[in-house]
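Here's the structure we're looking at; comments come further down.
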Amino acid sequence: MAGPAWLTEEFEHARPRLASVAYRLLGSQAEADDALQEAWLRVDRAGAEGVENVGGWLTTIVARVCLNMLRSRRTHREASLEDHLPDPIVSADPGTDPESEAILADSVGIALIVVLDTLSPAERLAFVLHDVFGLPFAEVGRAIDRTPAAARQLASRARRRVRGAEGDVDRDRDRQRALVDAFFAAARGGDLEALVRLLDPEVVVRADFGGRRGLVRVEGAHAVAESATMFRHLAGYGRKVLVDGRPGLVVVPPRGVYAVMGFRFDGDRITGLDVLVDPARLARLPLPDPAA
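In this note's numbering, the protein residues as written are 1 to 292.
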């Protein structure tokens, strides 16, 4: 049972999962959209005659497209990672509900894959496809043109590196959320001294405004504190979310979503902020309902 109409229906049925795979592999909504478009062209050309597991076959095609994009990105990237703000993964903040701990753990793991470009493309695919989406190593191996044993080894190596990175992440989300709340309260009140106390002396803010302004960096506690007070009129519009698995905010004034703010922490200090303001990129992000 195969044909253009049937194949289109199968692809559309699988689209949400395929989009999730591409987004987590590439860390960019725009690139994920491009990957799905390219994958569909390949699917349409190849047809599904003789394919027993259509879902797995579609995932393999999307993974191969993403693998090529990751390899091309590594070869041709002109800007350093310091000059690029990856698309954040934004999810609803379930607070301290113990039943939500599994969701929180998944969010942290996915976020690390998005931001840790130290993984090779093959390691990244092996880890995400197996550890995040549960594909057996036989299918993972087919996606990256490796044996199942080689795919297992790549995933294991990536897992060790991810866990090593996770070891540097403060997992006390209650304390992190309190820091974010205190930061916005101080910004709203224009309290420079309180802001400086919350910030690491070498804190770095990266804000992507898009357009001609592009990426702006602000470094140092005093400079960041002064910048925060300049946007005090927006401080009251923060909605609590998880950004890359950590407490963050979506800023939603009456006219609509203005920014997504992700924070990094070290103990009782904020060490970094990534602020996505670019309207074009924000429009492509899957965001929790800002009215919730």
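Idealized CB from N, CA, C, for every residue including glycine.
Keep in mind it's a predicted model, so treat the numbers as computed, not measured.
Under DSSP, the beta strand (DSSP E) around residue i begins and ends at which residues?
i	result
Asp266	259-266
Ser120	Premise fails: Ser120 is in no beta strand (DSSP E) and is neither H nor E.
With H, G and I counted as helix, E and B as strand and the rest as coil, what does DSSP make of residue i?
i	result
Glu99	Low confidence applies here, because Glu99 scores a pLDDT of 42, under 50, leaving its location unreliable; read the following figure in that light. Residue state, collapsed to three classes: helix.
Gly27	coil
Arg15	helix
Pro288	coil
Asp278	coil
Val252	coil
Leu135	coil
Glu10	helix
Arg213	coil
Ile270	strand
Gly238	strand
Ala92	strand
Asp106	Its pLDDT being 49, under 50, Asp106 is placed unreliably by the model, and the measurement read from it follows with that caveat. Helix, per DSSP.
Val218	strand
Val51	coil
Glu78	In this prediction, Glu78 has a pLDDT of 44, which is less than 50 and means its spatial position is unreliable; nothing more can be read from the coordinates.
Ala5	helix
I need the straight-line Cα distance from residue i to residue j, nearest angstrom please.
i	j	result
Leu25	Ser120	11 Å
Glu9	Val21	19 Å
His130	Glu226	45 Å
Arg269	Ala223	16 Å
His293	Arg188	No statement about residue 293 is possible, as the shown extent of the chain runs from 1 to 292 and does not include it.
Phe11	Ala138	22 Å
Tyr237	Ala259	10 Å
Arg284	Ala150	35 Å
Arg142	Pro16	22 Å
Leu249	Arg239	5 Å
Thr229	Glu38	45 Å
Asp44	Phe209	38 Å
Ala14	Gly55	7 Å
Leu273	Arg173	16 Å
Leu179	Val203	14 Å
Pro279	Val251	12 Å
Leu7	Arg42	12 Å
Leu199	Ala185	14 Å
Gly220	Leu192	13 Å
Arg64	Asp93	33 Å
Asp145	Ala158	17 Å
Asp160	Phe127	Looking at the sequence shown, residue 160 is not Asp but Arg. About 10 Å.
Ala155	Phe133	13 Å
Pro254	Tyr23	29 Å
Asn68	Glu123	13 Å
Pro148	Pro136	8 Å
Gly27	Glu52	30 Å
Phe231	Thr271	19 Å
Phe183	Val162	29 Å
Gly211	Asp33	21 Å
Gly190	Ala235	10 Å
Below 8 Å on the Cβ atoms is my guess for residue i versus residue j; work out the distance and round it to an integer in Å.
i	j	result
Gly262	Val243	4 Å
Arg246	Gln176	6 Å
Val90	Val196	28 Å between Cβ atoms; not a contact.
Leu18	Val62	5 Å
Ala46	Cys66	That pair is no contact at about 17 Å.
Arg213	Arg206	Their Cβ separation, rounded to whole angstroms, is 13 Å, which puts Arg213 and Arg206 out of contact at 8 Å.
Val264	Asp87	Residue identity differs from the one stated: residue 264 is Arg in this sequence, not Val. That belief does not hold up - the Cβ atoms of Arg264 and Asp87 are roughly 16 Å apart, past 8 Å.
Ala48	Trp40	Not confirmed; about 12 Å, so no contact.
Leu85	Leu276	6 Å
What residue does the alpha helix (DSSP H) around residue i start on, and which one ends it?
i	result
Ala225	221-230
Could you tell me whether any Cβ in chain D is nearer than 8 Å to the Cβ of residue i?
i	result
Val128	Looking for chain D here will not work: only one protein chain is present.
With hydrogens ignored, establish whether the beta-carbon of residue i is closer than 7 Å to any heavy atom of the ligand PLP.
i	result
Pro121	This structure simply doesn't include the ligand PLP, nor any ligand for that matter.
Pick out the complete alpha helix (DSSP H) segments inside the segment 144-211, 4 residues or longer, and give them in chain order. 148-166, 173-189, 192-198
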